[in-house]
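Residue numbers (our numbering), protein chains in the order written: chain A, 7 to 328; chain B, 7 to 328.
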């Protein structure tokens with residue numbers, strides 16, 4: 007518990023996380039693009055977590071969590087259920103620490119993602135593609151192996167790790183008026199909001215979410231947890247519900263949550279690809295998509311956007327009809 | 007004419023070009039990727055001209071050429087025929103210099119490329135899509151306007167400009183054993199070979215070319231100019247023949263020219279996109295494609311590759327069947 011009555015990593019914990027993961031993950035670059043800034047009438051700075059290890063910010067939290075464990079804990083390994091970037095991130099971090107990683111993946115996971123986990127030495131256990139099956143399979147695995155569960159976002163070590171992206175951003179740019187991040191389970195957003203609060207208190211944090219998965223938007227408005235039900239957004243990293251640890255931090259430190267349509271996500275994603283010559287996944291494009299829709303007043307302001315990742319299926323780009 | 011009897015920019019001319027274009031084009035980053043280096047058993051460093059202004063190295067030569075002109079010459083403007091990156095690069099450089107750019111483009115040029123030229127204020131004149139029509143239309147235009155023609159590669163100011171990419175590369179990396187560049191008309195390659203010769207003389211320069219447009223390869227082997235006839239490679243920047251100025255420089259300063267198949271170009275392009283999260287056009291992928299085919303002995307060596315550009319049609323990616 008911190009001074010506000012909520013459990014949240016403090017500034018010292020975030021700085022410790024940054025020191026712990028230094029050399030184990032990338033310090034990613036901040037890029038600007040004259041055409042995009044001109045188009046929006048603001049100065050936009052992109053923190054490029056698409057260039058991060060495993061192609062997403064998830065490497066930060068997983069590395070911080072794994073390297074926070076004791077030697078005794080590491081001996082039994084770590085485990086999680088994930089169909090996405092956290093699975094790779096945890097497998098990689100465990101391999102760096104010389105530990106085993108047990109990953110429960112739904113049986114419909116993409117072949118590429120399963121192979122990526124195995125490439126890092128992760129042991130994959132398949133289950134039915136339901137949340138219940140994922141949780142019961144993981145519980146069984148945890149029982150059998152004694153491995154430590156590392157949740158993808160509802161974990162203070164993960165939140166502190168994800169917070170380091172914003173710590174880097176505010177540490178190397180002139181003061182920002184606004185920082186934007188996408189929101190799914192809220193690990194990146196809560197970490198970003200904490201880092202902005204501690205290290206750049208005049209900066210407002212605005213989250214962006216797809217209309218088709220607007221549970222965080224509704225939870226924030228109603229100040230009451232609303233689960234994500236049947237989300238169909240192409241931004242597959244943002245389909246999850248907020249966590250019991252991330253939601254209170256978001257309520258306290260995030261200024262606003264805005265939404266965007268699916269066509270805007272495609273437009274923003276394509277704009278970043280064409281103008282900046284970098285690959286970002288749909289989730290990364292969500293903040294820019296909301297700005298293209300005029301959802302935040304940024305005229306003349308300096309706006310940092312965290313590009314969450316670049317893992318995209320090159321055979322199924324959203325602007326190409328199959 | 008230099009000391010060898012051929013006309014080629016000297017080291018002072020290349021340094022002058024670098025000073026002339028500084029602040030008008032980007033000093034592009036050099037990126038590495040652990041997975042690609044591991045795969046090839048060598049240390050590969052990528053000079054990222056895909057991040058250059060107008061998305062290609064062409065901005066260097068065009069900017070150097072335009073800013074080399076006298077005030078009197080600039081008053082009448084510049085002209086060229088081009089369906090590709092040189093057209094945009096020249097239009098942009100002219101706009102920066104407050105001069106007019108007259109661009110002859112074949113009537114089947116892509117709408118995007120025509121719009122890009124116009125976005126920079128270039129005046130487009132369409133012609134039939136044959137080399138004869140392009141040249142006669144340009145001659146007419148030159149006659150009428152008095153504009154100075156800036157050829158895309160067979161021009162010493164262009165060669166000196168393109169040479170600055172290699173100058174930057176060797177200036178900021180530990181000594182390289184090999185530098186690779188793709189070859190089309192030879193502007194980038196001849197400039198690269200000159201810069202390596204002057205500023206990093208122990209470095210060998212190896213060019214790469216698609217098998218389906220292997221005129222430079224054959225010219226180099228036969229030491230006699232062979233024109234490019236009906237080239238069908240997807241690497242559209244590499245379909246042109248060598249120039250009378252570029253070929254002698256290449257013969258003198260390039261160690262070898264190697265070729266690669268079209269499937270290898272797709273594989274290399276996709277590898278760069280997936281692993282490095284950056285967009286490169288097919289021409290950029292040609293050196294890596296040749297390395298994937300084992301066409302050069304690079305084991306344990308430090309190899310610089312110039313990624314020539316990132317202008318790619320996102321609606322027609324080569325690995326997606328229409």
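Glycine included, each C-beta is placed from N, C-alpha and C at the ideal position.
Of the residues A:105, A:97, A:247, A:88, the one whose Cα lies closest to the Cα of residue 80 (chain A) is A:105. Interface annotation, residue 91 (chain A): not in contact with chain B, CB-CB separation never under 7 Å.
Comparing C-alpha distances from residue 249 (chain B) to each of B:298, B:159, B:49 shows the shortest one belongs to B:159. Under a criterion of Cβ atoms nearer than 8 Å, the residues of chain B adjacent to residue 321 (chain A) are, in order, 325, 326. In the DSSP assignment, residue 49 (chain A) falls within the unbroken beta strand (DSSP E) covering 49-54. Residue 196 (chain B) is a Cβ neighbour of residue 255 (chain B), given a cutoff of 7 Å. The three-state secondary structure of residue 63 (chain A), taken from DSSP, is coil. Beyond the five residues adjoining it in sequence on each side, residue 281 (chain A) comes within less than 8 Å, by CB distance, of 39, 41, 42 in the same chain, given in chain order. Scanning its chain for C-beta atoms nearer than 7 Å, with the 5 sequence neighbours on each side dropped, one finds around residue 60 (chain B) the residues 91, 94, 95, 98, in chain order.
Under DSSP, residue 213 (chain A) shares a beta bridge with A:187, A:263. About 6 Å separates the Cβ atoms of residue 188 (chain B) and residue 293 (chain B), confirming a contact at the 8 Å cut-off. Taking 8 Å as the upper bound for CB-CB distance, residue 85 (chain A) and residue 147 (chain A) are in contact here, some 6 Å apart. Along the segment 282-312 of chain B, the positions whose C-beta sits under 7 Å from a C-beta of chain A are 283, 284, 285, read in chain order.
If the five residues before and after residue 152 (chain B) are omitted, its C-beta is found closer than 6 Å to the C-beta atoms of 82, all from its own chain and listed in chain order. Here residue 288 (chain B) really is in contact with residue 241 (chain B); their C-beta atoms are around 4 Å apart, less than 8 Å. Rounded to the nearest whole angstrom, the C-alpha separation of residue 204 (chain B) and residue 286 (chain A) is 39 Å.
DSSP places residue 143 (chain A) inside the alpha helix (DSSP H), whose first and last residues are 137-151. Straight across, the Cα-Cα distance linking residue 111 (chain B) with residue 290 (chain B) is about 23 Å.
For a cut-off of 8 Å, the C-beta gap from residue 218 (chain B) to residue 239 (chain B) is around 4 Å, short enough to register as a contact. Non-local C-beta neighbours of residue 144 (chain B) in its own chain, meaning closer than 6 Å and more than five positions away in sequence, comprise 87, 110, ordered along the chain. Taken through DSSP and simplified to helix, strand or coil, residue 81 (chain B) comes out as helix.
Chain-order list of chain B residues neighbouring residue 160 (chain A): empty, with the shortest C-beta distance near 28 Å, by a criterion of under 9 Å. Here the C-alpha atom of residue 63 (chain A) lies approximately 13 Å from the C-alpha atom of residue 173 (chain A). In this structure residue 216 (chain A) is buried. Its beta-carbon is surrounded by 16 or more other beta-carbon atoms within 10 angstroms. Boundaries around residue 269 (chain B) are those of the alpha helix (DSSP H), 268-282, since no beta strand (DSSP E) includes it. Rounded to the nearest angstrom, the gap between the Cα atoms of residue 17 (chain A) and residue 200 (chain A) is 8 Å. Burial state of residue 279 (chain B) is buried, judged by a 10 Å Cβ sphere holding 16 or more other Cβ atoms. For residue 276 (chain A), the C-beta contacts it makes with chain B under 9 Å involve 320, in order along the chain. Around the CB of residue 303 (chain A), fewer than 16 other CB atoms lie within 10 Å, so the residue is classed as exposed.
At a cut-off of 7 Å, the C-beta of residue 316 (chain B) has a neighbouring C-beta in chain A. Under the three-state reduction of DSSP, residue 309 (chain B) is assigned to strand. For residue 218 (chain A), the three-state secondary structure derived from DSSP is helix. In summary, residue 161 (chain B) is buried, with 16 or more beta-carbon neighbours lying within 10 Å of its beta-carbon over all protein chains present. Remark: C-beta atoms of residue 274 (chain A) and residue 305 (chain A) do not approach each other more closely than 7 Å.
For a cut-off of 8 Å, the C-beta gap from residue 210 (chain A) to residue 261 (chain A) is around 4 Å, short enough to register as a contact. Secondary structure note for residue 110 (chain B): its beta strand (DSSP E) is the uninterrupted segment 107-112.
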